[in-house]
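When the count follows numbering that gives the first Met the number 0, it moves up by one through the sequence shown with no breaks and lands on 421 for the last residue. For glycine and all other residues, C-beta sits at the position ideal for the given N, C-alpha and C. Values in this document were obtained by computation on a predicted structure and should not be read as measured data.
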Amino acid sequence: MHAVRGIQKALCRHAGGIVRSGIRTYVSRTQMKKYGGEQFEKSFGYCSVVEADNKDPNTRVVDMRSDTVSMPTDEMRQAMAEAVVGDDVYLEDPTVTALEIKAAEMFGKESALFVPSGTMGNLISVMIHCQERGSEAIVGDKCHIFKYEQGGISQFGGIHVKVIPNLKDGTFLLDDVMTSIRTDDIHYPRTKVLCLENTHNICGGKVLPLAYIDKITQFARKHGIPSVHMDGARIFNAAAALNVPVSRILENVDSVSCCLSKGLCAPVGSIIAGTDRFVSEARRLRKALGGGMRQVGHLAAAGLISLEKMVLRLVEDHRRAQHLAQSIAALKSPFFTVDLPGTHSNIVMIDLQTDRVPPEVFCKRLVSVTDAEKTHLGQSVLVRLFPFGNHVARAVICNNLTDEDIDLAIGKLQYFAQELQH
Numbered sequence: 000m001h002a003v004r005g006i007q008k009a010l011c012r013h014a015g016g017i018v019r020s021g022i023r024t025y026v027s028r029t030q031m032k033k034y035g036g037e038q039f040e041k042s043f044g045y046c047s048v049v050e051a052d053n054k055d056p057n058t059r060v061v062d063m064r065s066d067t068v069s070m071p072t073d074e075m076r077q078a079m080a081e082a083v084v085g086d087d088v089y090l091e092d093p094t095v096t097a098l099e100i101k102a103a104e105m106f107g108k109e110s111a112l113f114v115p116s117g118t119m120g121n122l123i124s125v126m127i128h129c130q131e132r133g134s135e136a137i138v139g140d141k142c143h144i145f146k147y148e149q150g151g152i153s154q155f156g157g158i159h160v161k162v163i164p165n166l167k168d169g170t171f172l173l174d175d176v177m178t179s180i181r182t183d184d185i186h187y188p189r190t191k192v193l194c195l196e197n198t199h200n201i202c203g204g205k206v207l208p209l210a211y212i213d214k215i216t217q218f219a220r221k222h223g224i225p226s227v228h229m230d231g232a233r234i235f236n237a238a239a240a241l242n243v244p245v246s247r248i249l250e251n252v253d254s255v256s257c258c259l260s261k262g263l264c265a266p267v268g269s270i271i272a273g274t275d276r277f278v279s280e281a282r283r284l285r286k287a288l289g290g291g292m293r294q295v296g297h298l299a300a301a302g303l304i305s306l307e308k309m310v311l312r313l314v315e316d317h318r319r320a321q322h323l324a325q326s327i328a329a330l331k332s333p334f335f336t337v338d339l340p341g342t343h344s345n346i347v348m349i350d351l352q353t354d355r356v357p358p359e360v361f362c363k364r365l366v367s368v369t370d371a372e373k374t375h376l377g378q379s380v381l382v383r384l385f386p387f388g389n390h391v392a393r394a395v396i397c398n399n400l401t402d403e404d405i406d407l408a409i410g411k412l413q414y415f416a417q418e419l420q421h
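(1) Hey, quick one: how far does the alpha helix (DSSP H) through residue 102 stretch, first residue to last?
(2) Over what stretch of residues does the alpha helix (DSSP H) that includes residue 171 continue unbroken?
(3) At which residues does the alpha helix (DSSP H) containing residue 228 begin and terminate?
(4) Rounded to a whole number of angstroms, what is the C-alpha to C-alpha distance between residue 426 and residue 175?
(5) Would you grab the beta carbon distance between residue 197 and residue 207 for me? Rounded to a whole angstrom, and I think it's under 8 Å.
(6) Return the first residue and the last residue of the beta strand (DSSP E) that residue 392 is part of.
(7) Can at least three beta-carbon pairs, one atom from the region 398–406 and one from the region 57–77, be found at a separation below 8 Å?
(8) Suppose you measure from the CA of residue 418 to the CA of residue 290; what does that come to, to the nearest Å?
(9) Using a Cβ distance threshold of 8 Å, determine whether the region 302–310 contacts the region 71–90, with at least three qualifying pairs required.
(10) If we ignore side chains and look at the alpha-carbon of each, how far apart do residue 491 and residue 193 end up?
(11) Out of 353, 385, 395 and 410, state which residue places its alpha-carbon closest to the alpha-carbon of residue 374.
(12) Tell me whether residue 48 sits in a helix, a strand or coil according to DSSP, three-state version.
(13) In terms of residues, what are the limits of the alpha helix (DSSP H) holding residue 214?
(14) At what residues does the beta strand (DSSP E) containing residue 136 begin and finish?
(15) Around the C-beta of residue 312, are 16 or more other C-beta atoms found within 10 angstroms, so that it is buried, or is it exposed?
(16) Between 407, 351, 399 and 292, which lies nearest to residue 378 when the distance is taken from Cα to Cα?
(17) Helix, strand or coil: which one does DSSP assign to residue 283?
(18) For residue 219, tell me which candidate among 171, 366, 415 and 118 has the shortest Cα-Cα distance.
(19) Nearest to residue 159 by CA position, among 131, 178 and 384, is which residue?
(20) Once DSSP output is grouped into helix, strand and coil, what is the label at residue 385?
(21) Could you pull out every residue in the same chain whose Cβ sits closer than 6 Å to the Cβ of residue 265, ignoring the five residues on either side in sequence?
(22) Smallest Cα separation from residue 269: which of 283, 109, 231 and 211?
(23) Could you give the C-beta distance for residue 203 and residue 346, rounded to a whole number, given that I count them as a contact under 8 Å?
(24) Using only the alpha-carbon positions, how far apart do residue 227 and residue 142 sit?
(25) Could you tell me the distance, in whole angstroms, from the CA atom of residue 164 to the CA atom of residue 64?
(26) Kindly indicate which three-state DSSP category residue 190 falls into: helix, strand or coil?
(27) What number of angstroms, rounded off, separates the C-alpha of residue 317 from the C-alpha of residue 128?
(28) Could you compute how far the alpha carbon of residue 330 sits from the alpha carbon of residue 342?
(29) Given residue 45, which residues of its chain have a CB within under 8 Å of its CB, disregarding the five upstream and five downstream residues?
(30) Can you tell me which residues form a DSSP beta bridge with residue 375?
(31) On the three-state DSSP scale, how would you describe residue 63?
(32) Out of 298, 245 and 180, which one is the CA nearest neighbour of residue 74?
(33) Which stretch, first to last residue, makes up the beta strand (DSSP E) that contains residue 300?
(34) For residue 335, which of helix, strand or coil comes out of DSSP?
(35) Using a Cβ-Cβ cutoff of less than 6 Å, which residues in the same chain neighbour residue 85 once the five nearest sequence positions on both sides are dropped?
(36) DSSP three-state call for residue 113: helix, strand or coil?
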């Protein structure tokens, strides 16, 4: 309990008080491990909030594990404090209503709904498309819905899942979709929805081409798939990369979920959007899943700033990701590299070329500092990456990071590349 209070105290006090780094004052790595248990060690132990082995107060930490670590801006914090709120379950919160109207307009959909998380947004969306018992959803083998949402559409929705291969660019072969559509046979479930993901996380932030989206949605309808849902957690990154309005990407999909708390920097929340009927059903299902919130306009206020202002700066994240990727490729290290043409947005996948440096070892080394390294670089630099599969470490760029941070990370990686040569 003492550790929990310390975390809350350090995270909740900001302007003029204890900032995020103040966690060091209250919570040790041991306490974090005790509080989080095995999951802490598996997921975050190698790059935790507290780097116990480093005592240098001037250490620079470049956190590129995920854009989920993005922090709300000062303007967001002010808007949250001053938000006009009401009971959203009673439809009395004007700030939430404003957010939902704004999102629906941007997405080109009739209505939108604020939900606590992207996982809930995908769950609600797919469950609405699969309300009939015996329904089946077609999903990719590398998609977030299949890999990282605990099988929720099956666990809670009773929906059968048909898994087809994602290609390296996040797309599907139309032949694979075709062979997955169920015929009207009493032995089979009924195909109800095809799920796309854009940008595609596991595939390295790949952006689905507009021509592909148009083609596959038309294909789905032609061959009897009633609905297409897009997991658009980073859909605004896709729009920024393609330089088109997000509504153009979503023109032919029936529903979308969009995360506000990744590159858009809001502290909490996602948006789902579709027809008026879809959102009416979604509101009921959100309540059943425990997602109906009361004076939630305090969170929606940050979401409004996400849509009004943070969308416009995503190109900066992409530019920094390109700089990082180009610099890693230029090292020509036999130990790690990147697929430069495959870096489409704010995600950089570092491909580890040999078994000598597994992802966990690679990431742990980057959050440690040797005396020789400190002398060479002129300061202590910790770079947090995420081990992603058997041969990949992932870097994700967000609003927290500056050009200087990226250059510091590049310097650290250059030093590590030289270190591996010896």
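On the basis of the supplied data:
(1) 93–106
(2) That residue, residue 171, is in no alpha helix (DSSP H); it is neither H nor E in DSSP.
(3) Run containing residue 228: none in the alpha helix (DSSP H); it sits in the beta strand (DSSP E), 226–230.
(4) In this structure the chain extends from 0 to 421, so residue 426 is not present and cannot be described.
(5) 4 Å
(6) 391–395
(7) yes
(8) 50 Å
(9) yes
(10) Summary: the structure shown does not reach residue 491, with the chain confined to residues 0 through 421, and so no result is reported for it.
(11) 410
(12) Here the model assigns residue 48 a pLDDT of 40, short of 50, so the residue's position is not dependable, and the following value carries that caveat. Residue 48 falls in the coil class under three-state DSSP.
(13) 209–221
(14) 134–139
(15) exposed
(16) 407
(17) helix
(18) 171
(19) 131
(20) strand
(21) 259, 301, 302 and 305
(22) 231
(23) 6 Å
(24) 14 Å
(25) 26 Å
(26) strand
(27) 33 Å
(28) 17 Å
(29) Residue placement at residue 45 cannot be trusted, given a pLDDT of 48 that sits under 50; what the coordinates show is reported in the next sentence. The residues are 359, 362, 363, 366 and 386.
(30) According to DSSP, residue 375 bridges with nothing at all.
(31) coil
(32) 298
(33) Where residue 300 is concerned, there is no enclosing beta strand (DSSP E), although the alpha helix (DSSP H) it sits in stretches over 296–307.
(34) strand
(35) 91 and 92
(36) strand
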